[in-house]
Amino acid sequence: MALLETHDLTKEFGGIRALDDVTIDVESGELVSLIGPNGAGKSTLINVITGRLSPTRGEIYYDETDLVGMDPFEIAHLGVGRSFQTASIFPELTVRENVTVAAFATEHGSFSLNFFRRRDSYDDVHNRTDDILATIGLEEEAELAAESLPYGDKRRLEIAIGLATDPDLMFMDEPTAGMSPSETEMAVELIHDLLAEWGTTIFLVEHDMDIVFDVSDRIFTLHQGRLIADGTPAEIRDDPRVREAYLGG
Ligand code: ADP
Ligand code: MG
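Here it is in structure tokens:
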């Protein structure tokens, strides 16, 4: 079995079928990208897999565990992380505190102030926070309030918060949205680092096709909730259905 599998996954919102019989698989260590026009169902697919939405029908297996019916905390605890499209940052906490809170929450199921009394786990979480800040390149900003960061650093902090949950599989929903070219370049380097140094399996939603074609092992294409193509970058680039639905002829 693959690390992640969905079978005939369907999600309806009232009359809208946002996901329509989506069957995909992701192998451990792969970097897969999910592309498709706005409203195709990309964020919905991530939300359903990570437990924020429940599917109307279909199956989801992560490492052979059935995820349907599990809550987001349980799923995160299994090693499925995400970096959010919209901010999950506590603006008044420092960069370090934001990462630490996320790391605490993962160790203990939920964040509790009791935790600060437990020295052993406190040290573990602290070491992990330092590792993450170094990987992400936010060491110098560690003591700054999150709200004072420039946009690109905020987006990187979101990725750091996702990493703090120590995922084996990381979902990234448009991590470069709104970034400048240099911020985008840093984010792409970070994605490469995650694979090379952390061995994290990555599931990327990204609009920038240069990035998608550059980094992906495999690309899934969604159109109106349906998976219309699944292939290598070379296969997807030449796929007439993808060209028509998304790449503009
Ligand atoms: P994408 O991320 O590919 O742009 P989404 O997954 O956000 O697309 O949306 C897919 C479809 O589902 C859209 O028609 C959107 O309006 C609808 N949708 C998404 N989330 C909800 C929701 N919580 N309630 C109702 N409709 C939703
Ligand atoms: Mg989206």
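Under the numbering used here, the residues of the sequence shown are numbered 719 to 967, in order.
No residue lacks a Cβ here, since even glycine has one placed at the ideal position from N, Cα and C.
Given Pro951 as reference, the closest of Ala963, Met927 and Gly732 once Cα atoms are compared: Measuring from the Cα of Pro951, the nearest candidate turns out to be Met927.
Counted within 10 angstroms of its Cβ, other Cβ atoms place Asp775 as buried (16 or more) or exposed: A small correction: the amino acid at residue 775 is Arg; Asp does not occupy that position in the sequence shown. Classification of Arg775: exposed, given that the 10 Å Cβ count is below 16.
Span separating the alpha-carbon of Ala905 from that of Arg874: If you take the alpha carbons of Ala905 and Arg874, they lie about 7 Å apart.
Close Cβ partners of Pro773 (< 6 Å) along its chain, the five nearest in sequence each way excluded: Counting only Cβ-Cβ distances below 6 Å, and skipping sequence neighbours, we find Leu727, Lys729 and Val766.
Simplified DSSP state of Phe938, which is helix, strand or coil: Here Phe938 sits in strand by DSSP.
Any non-hydrogen atom of ligand 1 within 8 Å of Val750 CB: Because no heavy atom of ligand 1 lies under 8 Å away, the Cβ of Val750 does not count as near it: no.
Where Ser761 falls: helix, strand or coil (DSSP): Ser761 carries a helical assignment under DSSP once its states are collapsed to helix, strand and coil.
7 Å Cβ shell around Gly880 - same chain, five flanking residues per side excluded: Result list for Gly880: Gly799, Arg800, Ser801 and Met888, in chain order.
Same chain, Cβ closer than 6 Å to Val750, neighbours up to 5 away in sequence not counted: In its chain, beyond the 5 residues on either side, Val744, Phe921 and Arg936 have a beta carbon closer than 6 Å to the beta carbon of Val750.
For Gly799, the residue or residues it bridges with in DSSP: According to DSSP, which records beta bridges pairwise, Gly799 is partnered with Met888.
Beta-bridge pairing of Glu730 - partner residues as DSSP gives them: Listed as beta-bridge partners of Glu730 by DSSP are Arg735.
Near ligand 1: Ile879 beta-carbon under 8 Å from a heavy atom: Residue side-chain check: Ile879 keeps its Cβ at 8 Å or more from all non-hydrogen atoms of ligand 1.
Among Gly759, Thr918 and Glu782, the one whose alpha carbon lies nearest that of Leu771: Of Gly759, Thr918 and Glu782, the smallest CA-CA separation from Leu771 is found for Gly759.
Inter-residue spacing [alpha-carbon to alpha-carbon] between Met719 and Glu858: The straight-line gap from Cα to Cα measures roughly 42 Å.
Stretch-stretch touch, CB-based, cutoff 8 Å, three pairs: the stretch 860-875 with the stretch 809-816: Yes, they touch.
Short Cβ contact (9 Å threshold) for Val786 with Leu763: No. Outside cutoff.
Three-state secondary structure (DSSP) of Ala895: DSSP places Ala895 in coil when its eight states are reduced to three.
Candidates Val923, Leu721, Glu782 and Glu903: closest to Asp871 by CA position: In terms of CA proximity to Asp871, Glu903 leads the group Val923, Leu721, Glu782 and Glu903.
Distance, Leu721 Cα to Ser746 Cα: Roughly 5 Å between the two C-alpha positions.
Local Cβ density within 10 Å of Tyr869, reported as buried at 16 or more and exposed below that: With fewer than 16 other Cβ atoms from the protein chains shown falling within 10 Å of its own Cβ, Tyr869 counts as exposed.
Simplified DSSP state of Ser866, which is helix, strand or coil: Helix.
Range covered by the alpha helix (DSSP H) that runs through Arg955: Where Arg955 is concerned, the enclosing alpha helix (DSSP H) starts and stops at Pro951 to Arg955.
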